[in-house]
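Chains as they are written, first to last, in the numbering used here: chain P, 1 to 242; chain S, 1001 to 1242.
Where a beta carbon is used, it is the ideal one built from N, C-alpha and C, also for glycine.
Below is one structure, written out as structure tokens, with a few remarks after it.
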DNA sequence: TGATTTATATATCGCTCGCTACAGAAAAAC
DNA sequence: GTTTTTCTGTAGCGAGCGATATATAAATCA
């Protein structure tokens, strides 16, 4: 599937399938599923309609493939941050900081495709909308699971409402995506992310110093995502200062 | 404009204009501007296309009228909360709590029309999208102004970033609207609102921890004027109040 | 060299979009 | 009554939608 093993028989394709898919992603990302017409796609992909249908099926199948590629290339940072960091707090903090960067990278559409590409849909596209909604639900579920693990381990207080906290994080991320599309710059999104983390529950007991403002590392090397709290940290009794 | 003074000359209108406008609002609110067709509108409004155009102009003008009516009947609660409560904190807290109720009222579309009705748009509807975006910007500006006033009065710390805090609130509200449309119930939205307020900066001087999660519990019925105010703390010690 | 296979370019298809011309219907004005 | 004014129902406009039929172009296989 990934490589051509034998020489194909007929006339070879005159365009690069991956490049065309990338262009389709741009269009769907910017305008959304329904607002992007086949005519838009053929123009930006640089191919004719029959080539599009031969290579990708129909509009819906092309979109599905775009969403899959998006998840692989751009959308995975949240799950990755939550899975890789040692605590839920650090994972979510890093996810929010990285979202501020990802959602404002120059040269690509603002915000998140999964969040914004199928919001105002006709009944004809109800399935597409439901598909993206399910992905959003799944993302929040991932966060909730990570939070629950920290409750079990004692990192978070036993009475922490994992579902509510995860949905709060999801709402903030969706809000950040919309703010990015509405024109907020990267620094503003970083401020929102930083503020949002102030709502995070205190560590249960003898926490180890969680410096949430520490380097998230491997994102995109952009220093704008300092993540440091521009606002005075709220007074806490149990939280050891870094 | 509000009343008919003289008897009109020709054949009288066979439908109630306000009722028709209400139905149009429902359609736009549910599906968004572009995804709602004239055919949808004439069906739900119960009138023919020529009657629609005679009474409201074109689709764009009808939508503008819908948005104006929406602002009057449903959308004003944020500005009202922020304007009426004695502090920005109480105002925003009440606004978030009321959003949880407003965005999940049974028998009407979920979420906020201004937030969600023109998100995936073709270039043909760029003006509509820009118009709603400007309203969102204005709402955040209102919140920012209220926060700034509390900084001046000393209610909030002098180093509070009013713009960032206002944009955070805006992002949370937009996230709540999307969550509502994604199926979150009222209790979940109330939890998100409660969590979001934990990020609010401490009062400049006056004492003790704010128990920001002070139960918005009641939800329905009258969103009490004092609802949510943990304790009246208007006096500030650090700065002279006007 | 054909013959076969696959891709592309042109020119649509049926359908829905926002919108309107036109003629008939229902009221006030005369 | 007749005239005038306004609204409503039918029917259809040009344009764009997603998707294709057809014919030609470019490759491999024999």
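Cutoff 8 Å: residue i Cβ touching any chain S Cβ
i: residue 225(P); result: Only weak support is given to the placement of residue 225(P): the predicted model assigns it a pLDDT of 36, under 50, and the value that follows is read from those uncertain coordinates. Taking Cβ atoms only, chain S never reaches closer than 8 Å to residue 225(P), which makes this a no.
i: residue 195(P); result: yes
i: residue 179(P); result: yes
i: residue 133(P); result: yes
i: residue 20(P); result: no
Residue i vs residue j beta-carbon contact at 8 Å
i: residue 109(P); j: residue 200(P); result: no
i: residue 1185(S); j: residue 1104(S); result: yes
i: residue 1136(S); j: residue 1115(S); result: yes
i: residue 40(P); j: residue 27(P); result: yes
i: residue 244(P); j: residue 1035(S); result: Nothing about residue 244(P) can be read from this structure; chain P reaches only from 1 to 242.
i: residue 33(P); j: residue 100(P); result: no
i: residue 169(P); j: residue 1172(S); result: no
i: residue 179(P); j: residue 189(P); result: yes
i: residue 1044(S); j: residue 1023(S); result: yes
i: residue 1175(S); j: residue 175(P); result: yes
i: residue 1198(S); j: residue 198(P); result: yes
Own chain partners of residue i with C-beta closer than 7 Å, once the 5 adjacent residues on each side are dropped
i: residue 120(P); result: none
i: residue 1025(S); result: 1066, 1069, 1070
i: residue 49(P); result: 38, 42
i: residue 1063(S); result: 1028, 1033, 1128
i: residue 21(P); result: 65, 66, 69
i: residue 1081(S); result: 1091, 1094, 1095, 1098
i: residue 74(P); result: 102
i: residue 1243(S); result: In the structure as shown, chain S starts at 1001 and stops at 1242, and residue 1243(S) therefore has no counterpart that could be examined.
i: residue 1144(S); result: 1162, 1163, 1166
Min CB distance residue i to chain P below 8 Å
i: residue 1116(S); result: yes
i: residue 1141(S); result: no
i: residue 1031(S); result: yes
i: residue 1110(S); result: no
i: residue 1222(S); result: Residue placement at residue 1222(S) is poorly supported in this model, since its pLDDT is 38, which falls under 50; the coordinates still yield a value, given next. For residue 1222(S), the answer is no, since every Cβ of chain P falls outside 8 Å of its Cβ.
i: residue 1102(S); result: no
Interface partners of residue i on chain S, CB under 7 Å
i: residue 184(P); result: 1167
i: residue 176(P); result: 1171
i: residue 136(P); result: 1182
Per-residue contacts from residue i into chain P (C-beta, under 9 Å)
i: residue 1198(S); result: 198, 199, 200, 201, 234
i: residue 1130(S); result: Simply none; closest approach about 10 Å.
i: residue 1094(S); result: In chain order: nothing, as chain P lies at least about 18 Å away.
Closer than 8 Å at the beta carbon, the chain S residues around residue i
i: residue 34(P); result: 1034, 1035, 1120
i: residue 90(P); result: Those within 8 Å of residue 90(P) in chain S number zero; the least Cβ separation is about 17 Å.
Cβ-based neighbour list, residue i, same chain, cut-off 6 Å, excluding 5 preceding and 5 following
i: residue 1085(S); result: 1091, 1094
i: residue 1012(S); result: none
i: residue 157(P); result: 201, 204
i: residue 1113(S); result: 1029, 1070
i: residue 1060(S); result: none
i: residue 1010(S); result: none
i: residue 53(P); result: none
i: residue 193(P); result: 96, 97, 100
Chain-ordered chain S contacts of residue i [CB-CB under 9 Å]
i: residue 191(P); result: 1161, 1163, 1164, 1165, 1167, 1168
8 Å Cβ cut-off: residues of chain P touching residue i
i: residue 1188(S); result: 163, 164, 167
Neighbourhood of residue i by C-beta, 8 Å cutoff - its chain only, sequence neighbours within 5 removed
i: residue 1079(S); result: 1139, 1142
i: residue 223(P); result: In this predicted model, residue 223(P) has a pLDDT of only 38, less than 50, meaning its place in the structure is not dependable; the value taken from the coordinates is given anyway. Nothing listed; no residue qualifies.
* **Where the region 1062-1073 of chain S meets chain P: residues whose CB sits under 7 Å from a CB there** => Within the region 1062-1073 of chain S, no residue has a Cβ that lies closer than 7 Å to any Cβ of chain P.
* **Where the region 1144-1157 of chain S meets chain P: residues whose CB sits under 8 Å from a CB there** => Residues 1157.
* Of all the residues that make up the region 1006-1018 of chain S, which are near chain P by a beta-carbon distance shorter than 9 Å? -> Within the region 1006-1018 of chain S, no residue qualifies.
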